[in-house]
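Undergrad: Chains as they are written, first to last, in our numbering: chain A, 1411 to 2115; chain B, 491 to 821. Every residue gets a Cβ at the ideal spot worked out from N, C-alpha and C, and that includes glycine. Predicted, not measured: the structure shown is a model, and the values here were computed from it. The structure is given below, and queries will be raised subsequently.
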Amino acid sequence: MTANEVTPDPLRSTSSIGTSLLRRDGVEKVTGDATYAVEHPVTGPAGEPPLHAWLVTSTVARGRVVAVDPSEALAHPGVVSVIDHTSAPRLADTSDRELAILQDDAIDFRGQIVAVVLAETSEAAREGATLVAVEQEATEHRSAFDEDVETYAPESVNGGSETDTLDGEPDEALARALVTVDATYSTPHEHNNPMEPHAATALWDGERLTLHDSTQGPRPVRGTIGPLLGLEEEQVRVLAPYVGGGFGSKGLPHAPEAAVAMAAMTVPGRPVRLAVTRQQMFALTGYRTPTRSRVRFGAHPDGRLEALRHDTVSQSARVKEFAEQAAVPARVMYAAPHRATTHRLAELDVPVPSWMRAPGEMPGMFAHEVAMDELALHTGVDPVDLRVRNEPEVDPDTGNPWGNRRLVECLRRGAERFGWADRPVEPRATVDGEWWVGTGVAASTYPMLWMPGNVARVRSLEGGRYGVAIAATDIGTGARTVLTQIAADALGCPAEAIEMDMADSDLPFGSVAGGSSGTTSWGTAIVAAAQQFRADHGDSPDPGVETTAASGQYADMDGHALHSFGAVFCEARVHRYTGEVRVPRMLGVYSVGRVVNPRTARSQLLGGLVMGLSAALHEEGWRDPRTGHTVTQDLATYHVAAHADVQQLDAEWLDDVDEISTPMGSRGIGEIGIVGTAAAVANATWHATGVRVRGLPLTADHFLD
Amino acid sequence: MKELTYHRADDAASAVALVSGDPDARFLGGGTNLVDHLKLGVTRPGTLVDVSRLPLDEVTELPDGGLRIGTNVRNSDLAAHRAVRRGWPVVARALLAGASGQIRNQATTGGNLLQRTRCVYFQDVTTPCNKREPGSGCSAVGGYGRYNAILGASESCVTTHPSDLAVALAAVDATVVVLGPDGERRVPMGDFHRLPGDRPEQDTTLAHGELVTAVELPASAAARRSTYRKARDRASYAFALVSVAAGVELDDDGRVSDVRIAWGGVAHKPWRAEVAEAELRGRFVSEESVRAAAEAELAAAVTDEQTAYKVPMVRNLTALTLTSLVEGAAR
Ligand SMILES: Cc1cc2nc3c(=O)[nH]c(=O)nc-3n(C[C@H](O)[C@H](O)[C@H](O)COP(=O)(O)OP(=O)(O)OC[C@H]3O[C@@H](n4cnc5c(N)ncnc54)[C@H](O)[C@@H]3O)c2cc1C
Ligand code: SF4
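Quick look at the structure:
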């Protein structure tokens, strides 16, 4: 079915939008009634209970599977079958080698799926997996992201951005500059680790595959898994009513989804459940690639930039390219007539990197904003003023006027609330008991992204109620709630009159919950459908009438540069004896367009700040270069911030309406909170101690005397 | 998980008989470490003998002023016990510096001392590890080393002991009471855990089937004036990078008459810093004197790029810990 494309008008009035409507699914979640991917009571046509799948993974980084001997596993009570590359169903499309598992004997990274065990219980499946004997032949591999690693230029980088940009003559301008910064900043492997691991229940009934999945996009999963298995898209149904977080790692299907779908195809009529272990998540479900960014600034003594270069190297997998767009934010942040950005990739025998909250912006802005702090030091200009002095009038990248750039206001508002003016200029100037104390600031940015192709359906129900349907999913952000508010205002009815129908790929197309584009893209489609519904059926529609509309492009993306901005301020304390770092207070001030729901928005922004703090202080996946294995593969060794690390934390936003971006006046808010945050912490630790740390995380050992 | 037999022991002697007679059997305490290992395949026993409900769960004050702690006293109860907080604050603070509230509610005294290393390779059955599989090699040498030992390590094993409680017990000269097939014996804390040598599979000097029934704390002035400090990679819920258990007694002039220093995170066992203690006896406590004493102890340290930080960290932390116990000490 193709729906008419409708480009909506801006919402005329907003009464639901802007209120802190309670989460529609809050009660189910806090009472434990919400069913997650492997909790759905799925049975076969004759009531057959699910089988349990367990993954067997490679223990060499490169080589081949010589033989898989399942005999001991099959002898274990409860084990039903072992699927390996000789017995797995053949896939129709093997072009995506991350997903084309069990099709040949190649091993491309450590932790790759080499067999799947099916059993009557999860215990038997797990034990069966340990009993599968996999003979592997190891060949030479390279998995270390060393300084001297060979690199190449990808055709484009994540999001379709250009690999390199060049304006003017940056190298000549850098050579001439009176003040320069030239330093290399690094970020480590970071792993998304949502609370709910990647998990799915799959049932193949001979005609249709039903997948209860933990995903950020039921439609994208359907659109990938269908062709992979040689099925029509409509033969695949993906449901994801509740998702325990994703942070990007569930944005695209990964190998476990392919595994559970293939396993289900081997047992028609029998549901199959698979939940990957925490350890397996470190190899199979994506991660943020490590990055190294060399940033060079050439400036006038008053701090105005004349030239900048941001040259970044990140890691990609031999099995599938991923190009983190870490230098992209440098293209829009500050004015400088001479500028260059480049991206290079090191192709290694490692698991496939993928999206992690603010891919590109997060590592790139860490580098860029610490470099700005260094420039502040070299020029003697206050870090807030320095950013204000480099405010570009138009987007330096496209030359377009800004849609709504209010970075300076965010900086000024934040500085005032934080008490920035009282800050001593010199580093290592404040001691409080056992602690050095300092403060830091960094800017943040995130592009306004809008996904084409979204379709929404509005139907009138009995009693003046409306059903609103779109295949989008709520991964814990509050999407279900804010879409209810948007639908209510678009239809001119109270939120209570809206019944949202989501998270089912049989519904009209909804794009991925990623790139902070969900509310923007789905919301625009809902407004389009609601306005068309009123045009078609008037204000007192008969129950049962409906309108389906596809969203035309509302946002003026060609005529304007559309980005969100923010400023993060924090205080850091560094222990004088042990070097341990604590962050007693942090404040983020954002310009993100109109805030649809202050409660859910606040929790997104605070969550982003916490994740940025966690990246600043703790997170680091350690890949053993000898084996290509991430050895810090659980949450006791891969540290994320604990409650005690998160102290006084606040986020606020400017009063904003962005009618250029969406009919709601909003922009996305899911990612900007993590951007710049780690730089603010690093800058504060420098101010506390005088020690400049250019690589994350900011562990205690850096600050010991 | 491998299928196994579960026994709930009725009394200590039968538990000992069951386990000592079966090389494939293990005691189960609170299970916060052992159950993880069962899932990971780090250990694959055929039988578990649950000793966590044996009535060894009391803290008793002894006639000589000491304290007897039954093995089944949970970590949170022990940390909250008034006699412990008064007479051995280092013990209470070490406990509270470890794990999380939920884990401390579950963890037993004996289980805590017998928890196994957190070495990432030990916990991953796909990598060689001499401690898990004698003779297979040590992956941590030349591998991930942030938590490795700097004192007393061997070529076969470079890991550290993870318990905070054990470090405090080492400082206060605790005694571990052990029941074996041939009856009870008493093991001074200093002899309880061992250095790896060429038998890293052996964490302690216990024989298979010996059950920890209690821990005894002797009273002392140094234990009364004692505390615990821990440096870690996050503000809570992380194992020690290094830790310091210290107690001190001063004479009338304010000089050290008795001092106890034990370090965590530096060795395969709680490291009693005897060289440093000897340096300090008879001296005034000051930041300078403690640093010098710690440095004397650390002369034996062997470090690499990943562990070098531990030397200044434990030296500084020792200085802070001891000076904080002595009012007016020069910092
Ligand atoms: C995420 C995490 C973080 C942690 N952080 C810390 C920390 O910061 N500091 C710290 O000190 N600890 C920490 N711990 C470890 C925790 O303290 C131990 O798991 C706990 O103390 C073990 O006690 P248990 O009773 O549960 O032992 P169990 O798991 O039941 O047993 C552990 C071992 O002791 C043996 N055993 C048990 N009881 C006896 C007995 N009476 N006699 C002889 N052998 C016995 C068992 O056979 C087993 O080998 C952490 C644990 C986790 C999971
Ligand atoms: S350090 Fe010890 S525990 Fe770790 S791998 Fe080596 S032998 Fe095993």
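1) With a cut-off of 9 Å, does the C-beta of A:Glu1530 fall near any C-beta of chain B?
2) CB of B:Thr598 to nearest heavy atom of ligand 1: below 8 Å?
3) Is it the case that the Cβ atoms of A:Gly1770 and A:Val1567 are separated by a distance below 9 Å?
4) Taking the C-alpha atoms as reference points, what is the distance between B:Gly600 and A:Asp1759?
5) CB-CB under 7 Å to A:Ala1786, same chain, minus the five flanking residues each way: which ones, in chain order?
6) For chain A, check one thing: does any of its Cβ atoms lie closer than 9 Å to the Cβ of B:Arg608?
7) Beta carbons nearer than 9 Å to chain B: which residues of the region 1968-1996 of chain A have them?
8) Run through DSSP, which three-state label would A:Met1605 get?
9) With DSSP as the reference, identify every bridge partner of B:Cys647, one or two as the case may be.
10) How far does the beta strand (DSSP E) with A:Arg1797 in it reach, from first residue to last?
11) In three-state DSSP terms, what is A:Ala1463?
12) Quick one: list the residues of chain A neighbouring B:Leu585, beta-carbon separation under 9 Å, in chain order.
13) Can you name the residues that DSSP bridges to B:Leu731?
14) Cβ of B:Pro618 within 8 Å of any heavy atom in ligand 2?
15) Per DSSP, which residues does B:Glu674 bridge with? Please list them.
16) Between the alpha carbons of A:Arg1680 and A:Ala1669, how many angstroms are there, rounded?
17) Relative to ligand 2, is the shortest distance from any of its heavy atoms to the C-beta of B:Lys621 smaller than 8 Å?
18) With hydrogens ignored, establish whether the beta-carbon of B:Leu788 is closer than 8 Å to any heavy atom of ligand 1.
19) Is the closest heavy atom of ligand 3 to the C-beta of B:Pro686 under 8 Å?
20) Closer than 9 Å, CB to CB, is A:His2053 near chain B or not?
21) Return yes when at least one heavy atom of ligand 2 lies under 8 Å from the C-beta of B:Val826, else no.
22) Let me check understanding here. Comparing Cα to Cα, which of A:Cys1903, A:Leu2108 and A:His2053 lies closest to A:Ser1423?
23) Please indicate yes or no: does the CB of B:Arg516 lie closer than 8 Å to some heavy atom of ligand 1?
24) Taking buried to mean at least 16 other C-beta atoms within 10 Å of its own C-beta, is A:Asp2111 buried or exposed?
25) If you check the beta carbons only, do A:Pro1651 and A:Ser1703 fall under 9 Å apart?
26) If you draw a straight line from the alpha carbon of B:Arg750 to that of B:Ala712, how long is it in whole angstroms?
27) DSSP on A:Ile1896, reduced to helix/strand/coil?
28) Reducing DSSP to helix, strand and coil, say where A:Ser1571 ends up.
29) Could you give the first and the last residue of the continuous alpha helix (DSSP H) run that contains A:Asp1783?
30) Cα-Cα, which of A:Glu1537, A:Thr1496, A:Val1648 and A:Thr1840 is closest to A:Ala1485?
31) Is B:Tyr718 close to ligand 1? I mean its beta-carbon at under 8 Å from any heavy atom of the ligand.
32) Within 10 angstroms of its Cβ, does B:Leu552 collect 16 or more other Cβ (buried), or is it exposed?
33) Enumerate in chain order the residues of its own chain whose CB-to-CB distance from A:His1748 is below 8 Å, with the five nearest sequence positions on each side excluded.
34) What is the DSSP secondary structure of A:Leu1639, reduced to helix, strand or coil?
35) What do you reckon, are the CB atoms on B:Glu700 and B:Val539 nearer than 9 Å?
36) Measure how close the beta-carbons of A:Thr1891 and A:Arg1434 come, nearest whole angstrom, since I'm counting them as under 8 Å.
TA: On the basis of the supplied data:
1) no
2) yes
3) yes
4) 44 Å
5) Asp1792, Pro1793 and Leu1796
6) yes
7) His1985, Arg1986, Tyr1987, Thr1988, Gly1989, Glu1990 and Arg1992
8) coil
9) B:Ser644
10) Premise fails: A:Arg1797 lies in the alpha helix (DSSP H), Pro1793 to Arg1799, not in any beta strand (DSSP E).
11) strand
12) Per Cβ cutoff of 9 Å: no residues; B:Leu585 is ~16 Å from chain A at best.
13) DSSP, once it has assigned bridges, lists no residue as partnering B:Leu731.
14) yes
15) B:Leu669
16) 15 Å
17) yes
18) no
19) Ligand 3 is absent from the structure shown, which contains only ligand 1 and ligand 2.
20) yes
21) With chain B covering only 491 through 821, there is no way to say anything about residue 826 of chain B.
22) A:Cys1903
23) yes
24) buried
25) no
26) 7 Å
27) helix
28) strand
29) Glu1771 to Thr1789
30) A:Glu1537
31) no
32) exposed
33) Asp1577, Gly1578, Glu1579, Pro1580, Glu1582, Ala1583, Leu1584, Gly1708, Glu1716, Ala1717 and Leu1718
34) helix
35) no
36) 5 Å
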